[in-house]
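Heads up, the thing below is written out as structure tokens.
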Amino acid sequence: MTQITREDVLHLAQLSSLKLDDSEVDGLQANISDILGYVENLNKLDATGVEPTYQVTGLSNVWREDTVIDYGLSREALLDLAPESTDNQVKVPKVL
Amino acid sequence: MTINDIKQQISDGSARSVIENSLKLAEDNSDYHALLSLTAERALQRADDVDSGKIIGPLAGVPFVVKDNFLAFGAPTTAASKMLENFNAPLQATAVEKLEAAGAICIGKANLDAFAHGGSTENSYFGPTKNAVDQSKVAGGSSGGSAVVTALNIVPFALGSDTGGSIRQPASFNGVIGTKPTYGMISRYGVVAMASSTDVIGCFANDISDAELVTETMSGRDERDMTTLSDFFKIQENAKPNQKIGLIRDFMTDDVDSDVRDAVNQYADKLRAAGHTVEEVSLPMAEYALAMYYIIVPAEISSNLARYDGIRYGHRADGVQTLAELYGKTRDEGFVTENKRRIMIGSFVLSSGFFDAYYLQAQKARTLLIDEFNKLFETYDALIGPTAPTTAFDLGENTSDPIKMYLNDIMTVPMSLAGIPAISVPSGNDKNGLPIGVQLVGPMCGDSELMALVKSMEAPAKTFDKTLGGQA
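Protein chains in written order, with my numbering: chain X, 1 to 96; chain S, 1 to 472.
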């Protein structure tokens, strides 16, 4: 069974863009180990040569005309959702 | 309470009085914490428009509630999270738009597990919903609030989303009907995404005819959701006679509450009395379904929830210096622990070195599960089993053990992974008076027939009469 270390949890948190509180790390370490232990039951199954299923209704590419669909949304309405915006742009903290 | 009862009340009084009454019931029952917000102002305006004849349609003036992961006007769409606590949707979900076009009136938004991650509504950032029958018990989840408002007769129907049982299990725990349609039958446009390969929209109702009407109103192709199928749902007056129905043996083991098993057997007997054949069948891959589910769904969650970065909408953390810090702190504050758990498991199973062993293996196993269902549906018209292994459990009972919580989904996730329709139907109560749900399952796109079968069982007058050799 996969043993998840504290470092693994912190690495997964980093991959997931989560800055975890110290108090949360221990609990997640135990839970994630348990859950992975459970889902590893699947290893007992021989699925050699089986095609994977990614979606269930047999859709492949779904095409439509290359025309504008009116979603009834204005630029202003969408910018209003942003925590900060200025000059028709979403404002973010300094990156560099 | 049914849609017909409401229509009668409107014709005897007014849509305004019906909506006022519904809003009052919601306030009076606030101790259940089933609703996160009321859309009172908009609802009353629409009621007046019904009374003045401006709004017409088959559902004119009929109140309903949506799970708070549906984008709708009149109140924020929070997904029961801090992340979207103040998110005012700039558009409405297609399902809501279609119901409104038919005249229905949304009166409020129901509690759920944050981002629909959970099976008890205890993961809501705003606190749990209590069971409609016993307030010391969970409502089930993740669509717990929608089930409870339907059971309490605040509204005749409510909408939910079902990714692995989130409509069926709370329906079962609160004694109402809960429908999980075929994948792609109802547009998910404007509903907060969880796991895109299994998410579906469905409804709660007190009467299967209401569920049919609501389903018919919502179903069909939507150019805004490219996974939708062309409309195939059609309300059927009568069920096909002499159906062959498979009782899923794997869900009737000693691990399942005996009262639950008894309820399933009684429903099976009713089906036999109505002229159908019920025999035991086996679904060996069901044993692996929960393991598949808790690989595939977290993987999709980790992708779908990557969009919550504090930049374009939703919560943004204060007091950060760098962009990485902004993302990290925003997501730490905006998500509940269960969200983080699932995102991180998703990151794990998709990471290089583990992808083949977990994600790919699960997707292959999913093929084998679907093959088993397909094989059964070559012989059987429908399948039957419990919706959940137990009735509603105590608040707090499973919150410290995620695996115990996940095991509650064991009978609902197989249908989600296969994309096939399933309905939880109330069927009596256990020794403590808690409702039991029986799950009926149909083949892909067999929704119309499955609902007709449930309907035929609701109406004793329509039962099969052997002496006449046909439908009475």
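Cβ coordinates follow ideal geometry from the N, Cα and C atoms, glycine included.
Which of the three DSSP states is assigned to X/Q89 in this structure? Note: X/Q89 maps to strand in three-state DSSP.
Would a check of beta-carbon distances place X/T67 closer than 8 Å to chain S? With 8 Å as the cut-off, X/T67 does not count as an interface residue toward chain S.
Quick one: list the residues of chain X neighbouring S/S302, beta-carbon separation under 7 Å, in chain order. Near S/S302 (Cβ distances below 7 Å), the residues of chain X are S16.
Quick check on this structure: which residue in S/D318, S/L99 and S/N339 has the alpha carbon closest to the alpha carbon of S/K329? Nearest of S/D318, S/L99 and S/N339 to S/K329, Cα basis: S/D318.
For a test of the three-state rule: what should DSSP assign to S/S37, helix, strand or coil? Reduced to three states, the DSSP call for S/S37 is strand.
Whether or not the segment 67-74 of chain S and the segment 174-193 of chain S are in contact is what I'm after, with contact meaning three or more pairs of Cβ atoms, one per stretch, closer than 8 Å; do they touch? Verdict: yes, contact present.
Which residues bound the alpha helix (DSSP H) around S/A263? S/A263 -> alpha helix (DSSP H) spans S258 to A273.
Using 8 Å as the limit for Cβ to Cβ distance, is X/V92 near chain S? Judged by the 8 Å Cβ criterion, X/V92 is in contact with chain S.
For a contact defined as C-beta to C-beta under 9 Å, what are the partners of X/E7 on chain S? Under the 9 Å cutoff, chain S gives no residues; its nearest Cβ is about 13 Å from X/E7.
Beta carbons nearer than 8 Å to chain X: which residues of the segment 365-385 of chain S have them? The residues in question are A365, R366, T367, L368 and I370.
Short of 6 Å in beta carbon distance, which residues of its chain neighbour S/G246, apart from the five on each side in sequence? Order them along the chain. Leaving aside the five residues that flank S/G246 on each side, the residues in its chain whose CB is nearer than 6 Å to its CB run, in chain order, V281, L376, Y380 and L383.
Could you pull out every residue in the same chain whose Cβ sits closer than 6 Å to the Cβ of S/E338, ignoring the five residues on either side in sequence? Cβ within range, chain order: H117, G118 and N123.
Starting from S/D162, trace the beta strand (DSSP E) both ways and give me its first and last residue. Run containing S/D162: F157 to D162, per the beta strand (DSSP E) assignment.
For the segment 326-345 of chain S, list every residue whose C-beta sits within 7 Å of some C-beta in chain X, in sequence order. Flagged, chain order: L326, Y327, G328, K329, R331, D332, T337, K340, R341, I343, M344 and I345.
Strictly below 9 Å CB to CB, what residues from chain X border S/T227? Per Cβ cutoff of 9 Å: Q55, T57, L59 and V62.
Could you have a look at S/G334 and say whether DSSP puts it in helix, strand or coil? Looking at S/G334 - three-state DSSP - the assignment turns out to be helix.
Determine which residues of the segment 20-37 of chain X have a Cβ less than 8 Å from any Cβ of chain S, and write them out in chain order. So the close ones are L20, D21, E24, G27, L28, N31, I32, D34, I35 and L36.
Under a CB-based cut-off of 8 Å, is S/Y313 close to chain X? So, interface residue.
Is it the case that the Cβ atoms of X/L42 and S/A286 are separated by a distance below 8 Å? Not closer than 8 Å, so no.
Residue-chain proximity (X/L45, chain S), Cβ-Cβ < 8 Å: Chain S places a beta carbon closer than 8 Å to that of X/L45, counting this residue as a contact.
Could you spell out the range, first to last residue, of the alpha helix (DSSP H) harbouring X/E76? Counting along the chain, the alpha helix (DSSP H) containing X/E76 begins and ends at R75 to L81.
Quick one: is S/D178 buried, meaning 16 or more other Cβ sit within 10 Å of its Cβ, or exposed? What sits at residue 178 of chain S in the sequence shown is Gly, not Asp. S/G178 is buried by the Cβ-count criterion.
What three-state label does DSSP hand S/P63 in the structure shown? Reduced to three states, the DSSP call for S/P63 is strand.
Residues in the segment 102-136 of chain S having any Cβ partner in chain X nearer than 9 Å: Taking 9 Å as the Cβ-Cβ cut-off against chain X, none of the residues of the segment 102-136 of chain S qualify.
Contact check, S/T391 vs S/D430, beta carbons under 8 Å: In this structure, S/T391 lies near S/D430, with their beta-carbon atoms less than 8 Å apart.
Alpha-carbon spacing of S/K462 relative to S/A211, whole angstroms: The predicted position of S/K462 is uncertain, since its pLDDT is 37 and thus under 50; a value taken from the coordinates is nonetheless stated next. In a straight line, the C-alpha of S/K462 is about 19 Å away from that of S/A211.
Are there 16 or more other CB atoms within 10 angstroms of the CB of X/L64, so buried, or fewer, so exposed? For clarity, residue 64 of chain X is Arg in the given sequence; the question names Leu instead. Residue environment for X/R64: exposed (fewer than 16 other C-beta atoms within 10 angstroms of its C-beta).
Leaving out five residues before and five after S/P443 in sequence, what residues of the same chain have Cβ atoms less than 7 Å from its Cβ? Excluding its 5 nearest sequence neighbours in each direction, S/P443 has C-beta neighbours in its own chain below 7 Å: F377 and I420, listed in chain order.
Determine the chain S residues that contact X/T73 at a beta-carbon separation under 7 Å, and present them in chain order. The residue you asked about is not Thr; residue 73 of chain X is Leu in the sequence shown. Scanning chain S for C-beta atoms nearer than 7 Å to the C-beta of X/L73 yields P90 and L91, reported in chain order.
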